[in-house]
Each structure stands twice: as structure tokens, then as C-alpha cells.
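Here the protein sequences come in this chain order: A and B.
If you read the first sequence in numbering that gives the first Met the number 0, its first letter stands for residue 0, the second for the next number, and so on.
If you read the second sequence in numbering that gives the first Met the number 0, its first letter stands for residue 0, the second for the next number, and so on.
Think of the CB as a built atom: it goes at the ideal place given N, C-alpha and C, for glycine as much as any other residue.
Note that the structure is predicted; figures quoted are calculated from it, not measured.
As C-alpha cells, the structure follows; a few thoughts come after it.
Number of protein chains: 2
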Amino acid sequence: MRSVQPDQTAKARIRDAAILRFAQDGLEASVRSIAADAGVSAGLILHHFGSRAGLRQACDDHVQAAIRDSKSVVMAPVGAPAALLAQLAQLEGYAALVGYVLRCLQAGGELTTRLVDGMVADAVEYLDQGVEAGTISPSRDEAARARLLTDFALGSLLLNLPAGREPIDLDELPGWFAAYSERILLPTLELFTEPLLTDSSLLDAYLGSAERTTP
Amino acid sequence: MRSVQPDQTAKARIRDAAILRFAQDGLEASVRSIAADAGVSAGLILHHFGSRAGLRQACDDHVQAAIRDSKSVVMAPVGAPAALLAQLAQLEGYAALVGYVLRCLQAGGELTTRLVDGMVADAVEYLDQGVEAGTISPSRDEAARARLLTDFALGSLLLNLPAGREPIDLDELPGWFAAYSERILLPTLELFTEPLLTDSSLLDAYLGSAERTTP
DNA sequence: CGCTCCACTGAACACCCGTTTAGCGTACTG
DNA sequence: CAGTACGCTAAACGGGTGTTCAGTGGAGCG
């Protein structure tokens, strides 16, 4: 085969360049721009990955594998997942992965569903530990609560993400994450410590009606 | 001028068709597809709006005006804004407006910021009424709490939105909103009624450190 | 009537995209 | 040393895009 090491092949270089471009410019980044970044021709990308969709799939697979290898690092205390992302994005090379995941979440699709489901599963586990430790109160539906908290954390993060469609400066990501997590820390802590509603009449009413419909 | 009434002119017809198309296919819908829907040539759109960006601007302005006219209907009890959207989307013609707003929120940009800020302002007002009525507990930072709750509600709504980039069936929107709001109702009510955290040690720690840094 | 104005069209332009194809050069292989 | 397989490139293809432009036809007006 080639004389060089199995990694840092042109194929891997293209994939890494693609993840970086997709993270910076969005998932609509052109094959030609990726080719220029990788220092190859556009044709070579199609030669290796078959099509643009094949390249996207390869990126998805690689990112998913990277997440699996450094498991459970992405989920965290629900109030401050952004703080962890800030640290993660500072690690060499990981900023591109974080940016790519954000773009995927933004765009939706199959990978998004899998990623979110994975985070929900992690949240279930984390919340369960809290309940057993006595720091988190139990829920009537642990799965639904984990899903809700994950959606809240991820959704508001995406909604506040600076770049709608325009390029993201990956160097600024960690600082942005830190500022965002600090900004939401007080209201989040307050919301999770002191009940928003002063009495349980609304919850009781719902539980009463639900009981009547599904006895 | 023209013989027909000032409304239902070709220009207005193009704008309405554009809002509908943008809502269904996303904000990247082509000028030609909109022209076909409106029954005019692509050139006429450019003639009336100057450019594709001009058409987008006209749509933004029209949607924003429509929201201003039917004010405060979009914001609601934080746990169930989707239920109101479901009702709103059933109204004749309003489904396209709701879909267009969702696309804008998805894509980010200037209109998004203005829309979210408006909803936050409404949330401040609504929460204030609850505090005065005694149903909602006061906050240390009312503005930050309103922002957080709005981000949570909107963000998780967008994250759960079925269409990543593919066309939305506007007829299915009301049903989807209703199902979504019902799905999150129990965990939301629970979260807002019974504290997630069993004690206030985390909040106290934050308040203590904040007090020390900004005495 | 002739004139002008204007909504409006259809074809063309220039550009970007993903993809195809023909071919080049080199490093293995028999 | 020929043969061949393969990484790789450059150019072109076909289709979609926003936009331009010359021109048409009808309504209002002096």
C-alpha cells in the first residue's frame, strides 16, 4: 500500500478538513472548499467517498466514534453543560468536533436524533445518581424529565448560538460557552431550587384529570 | 393606478406566496418556485422587490406587522406555548405565518433576535402578573428568569421540530404542536412545582461567591 | 390619435454546485 | 523490466441559482 502511516492518509486528511469546514461554515459547505483546505482536488473527494453524501456520512461516523470513545464527557450537571463544552472545545482538535455536532443539532436529521437520545440516556443515568444520593428529588416519569431537561439545555444553547448560518470562529467557541453558562447560572439554579409555582394546584389538576382518563 | 383594490395586487400575492413557500420549504426556497406559486414570472419578483433579499425583507416586515397587530397572543403560560401555537396555526392563513416564524427562529438572524426579545418582554409581563397574583414566586433577576424560560420553551420546541430542513406540512402543524405540548406537560408542571434539587446548597454557594466578587 | 408609463414576460447571462471522465505519474508486482 | 493498479488531477458536463435585459401590451393622458 502507501508508504506513509495508515493515518494521515489523504482520505483522513480530507475527512478532518471536512469536519473543520462543516463546523465553521455549516453543513452546506461545498466540496470544492473542503478540497482546497485539504490541499487536494475536488475529484479526489468523490473518488474516496463516492459522493458528497458519502463524505457527510464518513464525518458523522467519525464524530460518533470520537464521542463514543470519550463517553459521558458531554453530559453533565444539567444547569451547566455549556461549561463542560467550553473546556472540551479548548482541547486540541476537539473544537472542530464540538462545532460539527452543533451544526448537526442545528440542522436536524438522523445523527441529531441519535446524539440527543444518547444525551438523554446519559441524563437519565446522571439524574438517577442524584436521586440515589438524595440531592435530586425523584420524578413521576424519570425518562420524560430527563428528555425535558436535555431539550431545555440543548435547545436554549442552540437558540443562543451566535451564528445563524454564518461561519463560526472555533477559537471563540470556548469563551462563548463560558459566558453563556455564566449568564444562565443564577436563573437556572434558582429555577431548580425554588419552585416557580407557589402551589401545586396546576400539577394536582393535571394529575387528577390524567387519573380519571387512565384509571 | 391599477383598477383592482390596493390589496390582492400581484405584489401582495407574491409576498403571500413567498411566506407560504418559505414556511414549507425553508428560507432557501428559490425565487422561481415562489414565482410559480404566485402565477407570475421570476423577473416580476425582482422587478417589485429588487432582489431576493428584498423579498425576504418584505416578508419579514409583513410577518412582524402581523405579529404586532395580534400582540401578546404568542406568549403564554411558559409550560404550554405550543398549545397556543396549535390553536393559532389552525386559523385561516396564520399557519403560514407560524411556519415562517419557526423557519426564522431555526435560521437565526436579525428577525430572530427581535422576535425572541419581544417574547421575552411578554414573558416578563406575564410572570410579573403571576408574581403579583401570588401564583408565581418572585425571582432575584426577573429579566434573566424570563429570558431563561423563553429560551427553554422556544429552544426545546425547535429542537423537537420534525423538519430539519425538509418541507413542513402546514396542515400537520397544529396536531404536532398539540401532541408536543401534551408530551411535555407533566414533566414541565412537575419541574415548576417541586424543586429539582432537594436543598439550596448549590444556589447558596453561588450567591455566596457572587456576593464576595461583587460586594 | 399618439405618447408615455408600467406591470409583466421570456430568454439569456454568469456563477456555483455536485458529479463524471479521461488521463497522468508512480509505486508495487509478476 | 513490462504490466498494472491506484492515488490523483484538470477539465468538462448538466443542472440549479439569482439576476439582467430587451421587449410586449394595455391603461391613462395631453
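B/Leu19 and B/Val62 closer than 8 Å at C-beta: no
Contact list for the segment 121-153 of chain B against chain A, Cβ threshold 7 Å: Considering only beta carbons, the part of the segment 121-153 of chain B lying closer than 7 Å to chain A consists of Gly133, Thr134, Ile135, Ser136, Ser138, Arg139, Asp140, Ala143, Arg144, Leu147, Asp150, Phe151 and Leu153, in chain order.
Status (buried if at least 16 other CB within 10 Å, exposed otherwise) for B/Arg67: exposed
Other residues of its chain near B/Gln56: CB distance less than 7 Å, five sequence neighbours each side excluded: none
contact_flag[the segment 109-129 of chain B, the segment 110-118 of chain A] where n(CB pairs < 8 Å) is 3 or more: Segments in contact, no.
A/Gly98 versus A/Ala142: straight-line alpha-carbon distance, rounded: Near 28 Å, if we compare the C-alpha coordinates of A/Ala142 and A/Gly98.
Host alpha helix (DSSP H) of B/Leu188 (start-end): Leu172 to Thr192
Identity of the residues DSSP links to A/Leu215 by a beta bridge: The structure shown does not extend to residue 215 of chain A, since chain A is modelled only from 0 to 214, so the question has no answer here.
Per-residue DSSP class, three states only, for B/Gln7: coil
Residue-level contact to chain A via CB, B/Glu193, 8 Å cutoff: yes
Under the three-state DSSP convention, the category A/Tyr205 falls into: helix
Best match in A/Ser199, A/Ile183, A/Phe21 and A/Ala209 for proximity to B/Tyr205 [C-alpha to C-alpha]: A/Ile183
Proximity below 8 Å, CB of B/Ile33 to CB of B/Ala11: Contact flag unset, no.
Supposed contact pair B/Gly154 and A/Leu157 - C-beta distance, whole angstroms, cut 8 Å: 6 Å
Contacts around A/Arg102, its chain only, beta-carbon distance under 7 Å, and the 5 residues preceding and following it disregarded: Phe21, Ala22, Gly25 and Leu26
Selection from A/Gly107, A/Ser69, A/Leu169 and A/Glu165 that minimises the alpha carbon distance to B/Gly108: A/Glu165
C-alpha distance - A/Thr134 paired with B/Val100, whole-angstrom precision: 40 Å
Contact with chain B by A/Leu101, beta-carbon distance below 8 Å: no
A/Leu19 in three-state terms, based on DSSP: helix
Through-space distance from A/Ala152 to A/Asn159, alpha-carbon basis: 11 Å
Chain-ordered neighbours of B/Gly25 on chain A, where CB pairs are closer than 8 Å: Here the premise fails: no neighbours, minimum Cβ distance about 11 Å.
CB contact check: B/Arg113 to chain A, cutoff 8 Å: no
Best match in B/Asp59, B/Arg14 and B/Ala28 for proximity to B/His47 [C-alpha to C-alpha]: Per the Cα distances, B/Arg14.
Closer than 8 Å at the beta carbon, the chain A residues around B/Gly107: Per Cβ cutoff of 8 Å: Leu160, Ala162, Gly163 and Arg164.
Cβ-based burial, B/Gln105 [other Cβ within 10 Å; buried from 16]: buried
Residues near A/Leu169 in its chain [Cβ-Cβ closer than 6 Å; skip 5 each side]: Ala94 and Gly98
Status (buried if at least 16 other CB within 10 Å, exposed otherwise) for B/Asp150: Under a 10 Å Cβ-count criterion, B/Asp150 is classified as buried, with 16 or more other Cβ atoms of the shown protein chains found around its own Cβ.
First and last residue of the uninterrupted alpha helix (DSSP H) at A/Leu96: Tyr93 to Ala106
Partners in chain A for B/Glu210, counting only beta-carbon separations shorter than 9 Å: Residues of chain A passing the Cβ test: none, with the nearest at roughly 12 Å.
CB contact check: A/Ile183 to chain B, cutoff 8 Å: yes
Beta-carbon gap between A/Thr192 and B/Ser180 smaller than 8 Å: no
CB contact below 8 Å: A/Ser155 versus chain B: yes
Every unbroken alpha helix (DSSP H) inside the segment 139-163 of chain A [4 residues or more]: 141-159
Secondary structure of B/Gly25, DSSP reduced to three states: coil
C-beta neighbour in chain B for A/Leu54, strict 8 Å: no
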